[in-house]
Amino acid sequence: MLADPKEVHARAGIREVHFLPFNPVDKHTAITFIDESGRWHRATKGAPEEILHLAKNKDQIAARVHSVIDKFAERGLRSLAVARQEVPEKSKDDPVVRGNSLASCLSSTHLVMTVRRPSVRL
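Sequential numbering of the sequence shown, starting at -18, is according to the working numbering.
Quick look at the structure:
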C-alpha cells in the first residue's frame, strides 16, 4: 500500500514513537515523536473542550479558547484544537500517556485553534 504523499511530507524529519488513534469517547488523537535534534514531543488534536481539559494552564486560557469557539460558531464554523508539548522524560510511557488515553497534565502546551467547515450532505 502506498503512503499518502501529504502524510509523508508532514512526517518528514520525525520518528514516530507512539500513536494514539482517534477515540470518539475521548474526542482526540495523539502522536509522540522524536525530531531531527533528538528531542521528544507529543502533539494531540481534537475537540477544543477535550484538548483544553488536557492543558495544565487551562484556567488561564479557557476564556480565550471559548471566545474563539464562539466566534467560529457565529459564522457557522466548527473548531478543532491542536496542542503540543515537549517530553523531557523521553518515554511514551511518561505521566501523560496512560493506557489508551492522555492524563490531564499537558505541560508547556501550545494550544492552536483552527477552523473546520461543516460538511454539506445532499
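Beta carbons: idealized from backbone N, C-alpha and C, even for Gly. Predicted model only: the values in this text are computed from it and were never measured.
Residues bridged to residue i [DSSP beta-bridge criterion]
i, result
"Leu1", "Ala11"
"Glu137", "Since the first residue of the chain shown is -18 and the last is 103, residue 137 is not available in this structure."
"Ala54", "None; Ala54 has no bridge partner."
Proximity below 9 Å, CB of residue i to CB of residue j
i, j, result
"Ala24", "Ala36", "no"
"Glu30", "Lys8", "yes"
"Val6", "Trp21", "no"
"Val49", "Ser60", "yes"
"Ala62", "Ile32", "yes"
CA nearest to the CA of residue i, picked from the options
i, options, result
"Ser72", "Gly19, Pro5, His9 and Gly57", "Gly19"
"Ala64", "Ala44, Asn38 and Ala54", "Asn38"
"Gln66", "Pro2, Lys26 and Ala(-9)", "Lys26"
Spatial neighbours of residue i in its chain, beta-carbon cut-off 7 Å, leaving aside the 5 residues before and after
i, result
"Ile(-5)", "Phe14, Ile15 and Asp16"
Backbone secondary structure at residue i - three-state DSSP
i, result
"Leu61", "strand"
"Arg(-8)", "coil"
"Thr43", "Correcting the residue identity first, residue 43 is Ala in this sequence and not Thr. Looking at Ala43 - three-state DSSP - the assignment turns out to be helix."
Spatial neighbours of residue i in its chain, beta-carbon cut-off 6 Å, leaving aside the 5 residues before and after
i, result
"Ala28", "Lys8"
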